[in-house]
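Residue numbers (the numbering used here): 4 to 93.
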Amino acid sequence: MNEEMSALERNETWEIVERPKDKKAVGCRWIYIVKYKSDGTLDQHKARLVAKGYTQTYGIDYEETFAPVAKMNTVRIILSLVAHFGWVMH
Numbered sequence: 004m005n006e007e008m009s010a011l012e013r014n015e016t017w018e019i020v021e022r023p024k025d026k027k028a029v030g031c032r033w034i035y036i037v038k039y040k041s042d043g044t045l046d047q048h049k050a051r052l053v054a055k056g057y058t059q060t061y062g063i064d065y066e067e068t069f070a071p072v073a074k075m076n077t078v079r080i081i082l083s084l085v086a087h088f089g090w091v092m093h
């Protein structure tokens, strides 16, 4: 849990702000996983902090969602355009 919290703080996952008086905070909970090696022996214990997003109500707690995820086909097309036109990619 300490490693997970350190990583969240190091990556600046959140910032502390004042909660609006008419809104509720989204809760969170710890998920624990035990990882095993291929021979069945214990490898490591892992912990993740996850938000209870299911407690939100569309139109009340949020209006839209956004997930910055690109499909692999899109990445391939962009890479091929960069190679074809000799563009510089950052």
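Note that beta-carbon positions come from the ideal geometry of N, C-alpha and C, so glycine has one too.
C-beta atoms of W33 and M75 nearer than 8 Å: no
Own chain residues within Cβ distance below 8 Å of H87, not counting five before or after: none
Whole-angstrom C-beta distance between A54 and V29, which should lie under 8 Å: 5 Å
Cα-Cα separation between Y65 and V20, rounded to whole angstroms: 17 Å
Entirely enclosed beta strand (DSSP E) segments - the segment 14-50, minimum 3 residues: 31-39
Boundaries of the alpha helix (DSSP H) in which F88 is found, first to last residue: M75 to F88
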